[in-house]
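In what follows, a single structure is set out as structure tokens and then discussed.
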Amino acid sequence: MKKSLALLAAGALIVLPAGPATAAPPSPPPSVDGLVGPLHVSAGTGNSVIVSEEFAGRLTRIEGGTKTVLYAPPADEQWDVAGTATQGSTTYVIESQGAGPEDPRPLAGRLVAVDAKGRARTITDQIGAYETAHNPDGDVHYGLGPNAPAECASQLTSLGFPASYTGETDSHPYAVAVRGNTAYVADAGGNDVLAVDLSTGAIQTVAVLPPRPATITQAFAEQYGLPACIGQTYNFEPVPTDVAIGSDGWLYVTSLPGGPEDASLGARGAVFRVSPSTGAVQPWIQGIMSPTGLAFDGSGNLYIASLFGTGVLRAAAGTQTAQPFLDKPSTADVTVQGNMLYATTDVFGNGTLISQRLTP
């Protein structure tokens, strides 16, 4: 189904019930506020961080509490800016058009390199075209299984949910990580991870994330009028939201569960571990509420942004269990710069960049 991550997130925010507060280390004071939809943050040059103000269509460099616009695509081109990664003095940014049902434009995605003076050059503008030509998840089955009752399928269809389908053509390139001559792109619409050659712009599929199954509970069925579906498994589409490179060379990818982002079907978001050479996909951490960003520190500890959950979670190096670390509302992304953790919070209101010093 055609989806835009920003729209999915905004819609989920409306229905999300408030959860109990979770004990965590004391939250630091705000670093910078007044950010407009800061859905992404990454480590920049020096001691700076780069914030993607997605609702304003610009990249903002922040250092020492000072904001400077690093880059914005021409307004008349109407590109949606998304995730960034910096290597050397170059910041790479993912941009898209046509993602989600509210954007009627043809699918388009590009990877742009921005130098320290804000000068931009396009590495590739063929990400949407690649999805259209190859549709990497085109043979993946989503929805109900083959033995599900016909009445359940009918009830789902009446609510506007497809009972059973294979991967459709969709693309919303959303996050990027860079190592050497390769950029790894998490495509929230295509349900996959792509590799882009930084010299030639050539694109290839690294991996397709697996469907995210959920059992339809009695409470959920009663809420939505699906009595024939109680106990049935529905395979939702994964929604890759961020990608980071671990010290082991594997890619770590956060994924939304593709269905309700409230607690009605449980916390079903996950972090997957992906081999960039073979495309092997392994579940790494499961049971996360709406994971939308992740970053490693120098010791290998993994920090995860939980947009509608408990703020920032932390998984100790080499472990597959995440614990609450910072309790902040609407935390969209995290990054580590030196011994400081940065996170973007309150991203649908007064967007704020917060910081937390990390202890060895």
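Converting from the sequence shown to the working numbering requires adding 948 to each position, the first position being numbered 1. No residue lacks a Cβ here, since even glycine has one placed at the ideal position from N, Cα and C.
Residue i classed as buried or exposed, judged by whether at least 16 other C-beta atoms fall within 10 angstroms
| i | result |
| --- | --- |
| Ser1119 | buried |
| Asp1196 | exposed |
| Ser1037 | exposed |
| Leu987 | buried |
| Glu1002 | buried |
| Glu1025 | exposed |
| Gly1137 | buried |
| Gln1304 | buried |
| Pro1121 | buried |
| Ala1162 | buried |
| Ala1291 | buried |
| Pro1097 | exposed |
| Pro1084 | buried |
| Asn1095 | exposed |
| Ser1102 | exposed |
| Gly1115 | buried |
From the options, residue whose alpha carbon lies closest to that of residue i
| i | options | result |
| --- | --- | --- |
| Gln1152 | Ala1167, Ala1134 and Thr1165 | Ala1134 |
| Thr1283 | Gln1166, Asp1190 and Thr1226 | Asp1190 |
| Gly1286 | Ala1265, Phe1244, Gln1271 and Ser1254 | Phe1244 |
| Leu1199 | Pro1022, Arg1058, Ile1164 and Thr1226 | Thr1226 |
| Ala1061 | Val1144, Leu1055 and Thr1165 | Val1144 |
| Asp1294 | Thr1279, Met1288, Pro1308 and Glu1099 | Thr1279 |
| Gly1206 | Ile1193, Gly1194 and Pro1188 | Pro1188 |
| Met1288 | Gln1271, Phe1296, Phe1273 and Thr1307 | Thr1307 |
| Ser1044 | Gly1241, Asp1073 and Ala1068 | Asp1073 |
| Arg1127 | Val1201, Gln1035 and Glu1116 | Gln1035 |
| Cys1100 | Ala1265, Met1237, Ile1164 and Asn1139 | Ile1164 |
| Leu1107 | Phe1273, Gly1194 and Gly1173 | Gly1173 |
| Val1229 | Ser1203, Gln1166, Ala1056 and Thr1258 | Ser1203 |
| Thr1181 | His1082, Leu1104, Ala1056 and Arg1058 | Leu1104 |
Through-space distance from residue j to residue i, alpha-carbon basis
| i | j | result |
| --- | --- | --- |
| Gly1179 | Lys1015 | 51 Å |
| Val1029 | Lys1065 | 18 Å |
| Leu1250 | Thr993 | 21 Å |
| Ser1247 | Val1141 | 25 Å |
| Gly1299 | Phe1256 | 15 Å |
| Lys1276 | Leu1301 | 11 Å |
| Leu983 | Ala1004 | 9 Å |
| Gly1214 | Val980 | 33 Å |
| Ser1000 | Gly1093 | 39 Å |
| Gly1086 | Val1156 | 10 Å |
| Gly1149 | Asp1281 | 27 Å |
| Gly1297 | Val1154 | 35 Å |
| Val1260 | Thr1080 | 35 Å |
| Thr1117 | Pro1110 | 15 Å |
Own chain partners of residue i with C-beta closer than 8 Å, once the 5 adjacent residues on each side are dropped
| i | result |
| --- | --- |
| Pro1052 | Gly1046 |
| Thr1269 | Ile1233 and Ala1263 |
| Arg1068 | For the record, residue 1068 in the displayed sequence is Ala; it is not Arg. The residues are Tyr1019, Pro1021, Val1060, Ala1061 and Val1062. |
| Gln1171 | Ser1212 |
Close-in-space but distant-in-sequence residues of the same chain around residue i (CB under 6 Å, 5 per side omitted)
| i | result |
| --- | --- |
| Val1124 | Gly1031, Ala1033, Tyr1040, Ile1042, Ala1131 and Val1133 |
| Ser990 | Ile998, Thr1032, Ala1033 and Thr1283 |
| Glu1314 | For residue 1314 there is no data in the structure shown, the boundaries of the chain being 949 and 1308. |
| Leu1018 | Leu1007, Arg1009 and Gly1066 |
| Pro1021 | Trp1027 |
| Tyr1078 | Ile1151 |
| Pro1054 | Gly1046 |
| Ala1265 | Ser1247, Gly1248 and Asn1249 |
Residues of its chain near residue i, where Cβ-Cβ distance is below 7 Å and the 5 sequence neighbours each way are ignored
| i | result |
| --- | --- |
| Leu955 | Confidence is the limiting factor: at Leu955 the pLDDT is only 41, short of 50, which leaves the residue's position unreliable and the question unanswerable from this model. |
| Ser1223 | Trp1198 |
| Pro1159 | Val1088, Tyr1090, Asn1183, Phe1184, Glu1185 and Pro1186 |
| Leu1146 | Ile1071, Asn1129, Thr1130 and Ala1131 |
| Ala1169 | Pro1175, Cys1177 and Ile1178 |
| Pro1231 | Ala1218 and Phe1220 |
| Tyr1113 | Tyr1090 and Gly1091 |
Residue i CB to nearest heavy atom of the ligand FAD below 7 Å
| i | result |
| --- | --- |
| Pro1084 | With respect to the ligand FAD, the structure offers nothing, as it holds no ligand at all. |
> What are the uninterrupted segments assigned as beta strand (DSSP E) that are 3 or more residues long and contained completely in the stretch 979-1062, given in chain order?
Replying inline: 986-991, 997-1001, 1006-1011, 1014-1019, 1028-1035, 1038-1045 and 1056-1062
> Along the chain, which unbroken stretches of the alpha helix (DSSP H) at least 4 residues long are found entirely within the stretch 1079-1114?
Replying inline: 1098-1106
>> Quick check for students: name the residue ranges of the beta strand (DSSP E) that lie wholly in the stretch 1197-1258, counting only runs of 3 or more.
In response: 1199-1204, 1217-1222, 1229-1236, 1239-1244 and 1250-1254
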